[in-house]
Amino acid sequence: MKTLPLSEAKATLSRLVDQVASRDEQIVITRNGKPVAMLVSPDEIEGWKATLEIMSDPDFMAQIRRGLRDVRRGKYLTYEEVFGPDE
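Residue numbering for the sequence shown follows my numbering, starting at 514 and increasing by one per position.
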């Protein structure tokens, strides 16, 4: 994650926006050495929202935990068992 002072971010904003848009890069902007803002892509924000929604749903999280426990115990179906052999 790149960190830049506000003065540098102002001077290079167009380039920074291109970096964030094309590489899903995160850029922290500081004022007096302290983080005050962050540039992130809209796709990244949507991903964060989706993650928070999932993690805020107790029933869904319980299903995930059960699934992970089953995998650790070897209780799962292979791709071939579900969809048949690859052609």
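For each residue, glycine too, the CB sits at the ideal point set by N, CA and C.
Can you name, in chain order, every residue of its own chain whose Cβ lies under 8 Å from the Cβ of residue i, other than the five neighbours on each side?
i: Val549; result: Leu519, Ile542, Thr543
Taking the alpha-carbon positions, what's the residue i to residue j distance?
i: Glu557; j: Asp537; result: 7 Å
i: Leu590; j: Asp599; result: 15 Å
i: Met568; j: Met574; result: 6 Å
i: Arg563; j: Arg582; result: Reading off the sequence shown, one finds Ala at residue 563, where the question assumed Arg. Looking at the two C-alpha atoms, the distance is approximately 23 Å.
Among residues of its own chain, excluding the 5 on either side of residue i, which ones have a beta-carbon nearer than 7 Å to its beta-carbon?
i: Ala522; result: Leu529, Ile542
In this structure, does DSSP put residue i in helix, strand or coil?
i: Val595; result: helix
i: Arg586; result: coil
Buried or exposed: which applies to residue i, given that a residue is buried once 16 or more other Cβ atoms fall within 10 Å of its Cβ?
i: Leu552; result: buried
i: Val595; result: exposed
i: Val584; result: exposed
From what residue to what residue does the alpha helix (DSSP H) around residue i run?
i: Thr516; result: From DSSP, Thr516 is part of no alpha helix (DSSP H) but of the beta strand (DSSP E) over 515–518.
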